[in-house]
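What follows is a single structure, written as structure tokens, with notes after it.
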Amino acid sequence: MFCRMPLVPIRLKNRWHNCFLTCFQVISSHILREGNSCADGRANHGHNIQGVWWSTALPDFIQGSFFSDRFSWPKYRFP
422 MFCRMPLVPI
432 RLKNRWHNCF
442 LTCFQVISSH
452 ILREGNSCAD
462 GRANHGHNIQ
472 GVWWSTALPD
482 FIQGSFFSDR
492 FSWPKYRFP
């Protein structure tokens, strides 16, 4: 409806502003792949398989990432 504040009619401006403050609180953040290495490992594995793959236990290829996340060990990626 109204994308920019200056285009809002003066009668609606206060209500529109209050609605913006209460309803539209958006928080976005960026997580580097080092911060979510388990998801990154599963995504890389899923990219390389064909068909359906189901796991009921922690897969071998992400065990190291899981335990380093679990114990808050630092992760580094060197260029």
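In the numbering used here, the protein residues as written are 422 to 500. Built from N, CA and C at the ideal position, the CB exists for glycine as well.
Within 9 Å, strictly: CB atoms of residue i and residue j
i, j, result
"W474", "H466", "yes"
"S458", "I431", "no"
"P480", "R463", "yes"
Backbone CA spacing between residue i and residue j [nearest angstrom]
i, j, result
"F423", "N439", "In this predicted model, F423 has a pLDDT of only 48, less than 50, meaning its place in the structure is not dependable; the value taken from the coordinates is given anyway. About 14 Å."
"C444", "W437", "10 Å"
"F488", "L442", "40 Å"
"Q471", "T477", "18 Å"
"P495", "K434", "48 Å"
"S493", "H468", "27 Å"
Option nearest residue i by Cα separation, candidates the options
i, options, result
"A460", "G472, Q471, G485", "G485"
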